[in-house]
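Please read the structure below before turning to the comments.
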Amino acid sequence: MKNYSKKNIILEKLEKQLCDLSINDNNLDFYLTKCKISKEDFYSFFPKKIDSLSKFYFEKTYTLAFKSTKAKLIREKSISKKTNLIVIAFLKSFFKNSNLSIFFINYIFFKPFLFSKIIYKIASNIWYDIGDKSIDFNYYTKRLILYNIIKNSFFYWRKNLDLDATLVFTQDQINLFGKLGKYKSIGKSRLKEKFSFILQRKNI
Numbered sequence: 005m006k007n008y009s010k011k012n013i014i015l016e017k018l019e020k021q022l023c024d025l026s027i028n029d030n031n032l033d034f035y036l037t038k039c040k041i042s043k044e045d046f047y048s049f050f051p052k053k054i055d056s057l058s059k060f061y062f063e064k065t066y067t068l069a070f071k072s073t074k075a076k077l078i079r080e081k082s083i084s085k086k087t088n089l090i091v092i093a094f095l096k097s098f099f100k101n102s103n104l105s106i107f108f109i110n111y112i113f114f115k116p117f118l119f120s121k122i123i124y125k126i127a128s129n130i131w132y133d134i135g136d137k138s139i140d141f142n143y144y145t146k147r148l149i150l151y152n153i154i155k156n157s158f159f160y161w162r163k164n165l166d167l168d169a170t171l172v173f174t175q176d177q178i179n180l181f182g183k184l185g186k187y188k189s190i191g192k193s194r195l196k197e198k199f200s201f202i203l204q205r206k207n208i
């Protein structure tokens with residue numbers, strides 16, 4: 005918690021320069037001096053410079069979103085509705101400071117591996133936090149689907165900067181995912197019934 009607070013203070017001090025799109029890895033030290041931030045402190049918390057700062061920004065935003073929805077998540081039984089609640093809360097929280105978010109989105113868009121790593125971790129955290137403890141093959145499938153939903157939402161928002169339209173777009177994706185899961189479950193159930201019927205016929 006202490007480290008989180010220190011990281012947050014550093015981010016807040018750099019916010020104006022980040023929003024102005026002035027900072028990059030090459031001139032970072034100049035702005036650390038300008039903003040009176042200890043280089044020793046900065047590099048102890050953010051060893052990979054803006055890569056590390058980006059990870060913290062996304063993680064911080066997700067943590068705030070989870071805390072804001074925790075009570076509702078506990079009461080809600082539907083996995084689909086839980087997913088919708090936390091994803092929408094995360095996106096609202098992320099896009100609340102649009103200028104700062106634009107900086108970090110632009111930055112990670114040009115670093116596909118970093119982008120994928122950050123978004124997949126958020127998707128994995130969401131499944132864990134809504135109570136999914138599965139370790140079967142679906143563990144990865146569900147996370148990859150949610151990863152794509154979040155990734156597509158970021159691309160959609162960056163293109164039009166319209167939060168309301170982005171949230172509708174995201175909800176449509178989640179609803180489709182919920183329907184696919186329902187059909188998949190029904191399909192499995194019917195296959196089991198047919199297989200059981202065939203076995204019974206063989207035993208007659």
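For what it's worth, the working numbering labels the leading residue of the sequence shown as 5, then goes sequentially. Here a beta-carbon is modelled for each residue, glycine too, at the ideal position from N, C-alpha and C.
Nearest neighbour of residue i, chosen from the options [CA to CA]
i, options, result
"Cys39", "Pro51, Asp55, Leu22, Phe49", "Leu22"
"Ile106", "Leu15, Leu25, Asn7, Asn12", "Leu25"
"Ile123", "Glu19, Val91, Lys53, Arg79", "Val91"
"Lys125", "Asp55, Lys115, Leu150", "Leu150"
"Ser157", "Asp176, Lys52, Ser56, Phe46", "Asp176"
"Leu180", "Lys43, Ile54, Thr87, Asp45", "Thr87"
"Leu165", "Tyr132, Leu104, Lys53, Lys115", "Leu104"
"Ile54", "Lys163, Lys74, Val172, Lys115", "Lys115"
"Asp133", "Glu44, Lys43, Leu77", "Leu77"
Rounded separation between residue i and residue j - CA only
i, j, result
"Phe62", "Lys81", "27 Å"
"Lys121", "Thr65", "16 Å"
"Ser84", "Phe108", "28 Å"
"Leu15", "Asn28", "14 Å"
"Ile178", "Thr170", "12 Å"
"Ala93", "Lys59", "18 Å"
"Tyr8", "Leu57", "12 Å"
"Ser128", "Arg147", "6 Å"
"Leu32", "Ile153", "33 Å"
"Pro51", "Phe113", "20 Å"
"Tyr111", "Asp168", "23 Å"
"Tyr35", "Ile13", "15 Å"
"Leu95", "Trp161", "10 Å"
"Lys192", "Thr145", "Its pLDDT being 44, under 50, Lys192 is placed unreliably in this model, and the value from its coordinates should be taken loosely. Going by the C-alpha atoms only, they are around 16 Å apart."
"Arg79", "Leu68", "19 Å"
"Ser200", "Ile130", "Note on Ser200: pLDDT 48, under 50, position unreliable in the model; no value is reported."
"Tyr47", "Lys17", "15 Å"
"Phe117", "Ala75", "34 Å"
"Phe159", "Val172", "14 Å"
"Gly135", "Ser72", "17 Å"
Three-state secondary structure (DSSP) of residue i
i, result
"Asn142", "helix"
"Asn152", "helix"
"Leu18", "helix"
"Ile178", "helix"
"Phe173", "helix"
"Cys23", "helix"
"Ile134", "coil"
"Asp166", "coil"
"Ser58", "helix"
"Pro51", "coil"
"Phe113", "helix"
"Asp29", "coil"
"Ile41", "coil"
Below 8 Å, how does it come out for the segment 140–152 and the segment 93–109: are there three or more Cβ pairs, yes or no?
no
Any chance you could list the beta strand (DSSP E) runs of at least 3 consecutive residues sitting entirely within the segment 71–107, in chain order?
none
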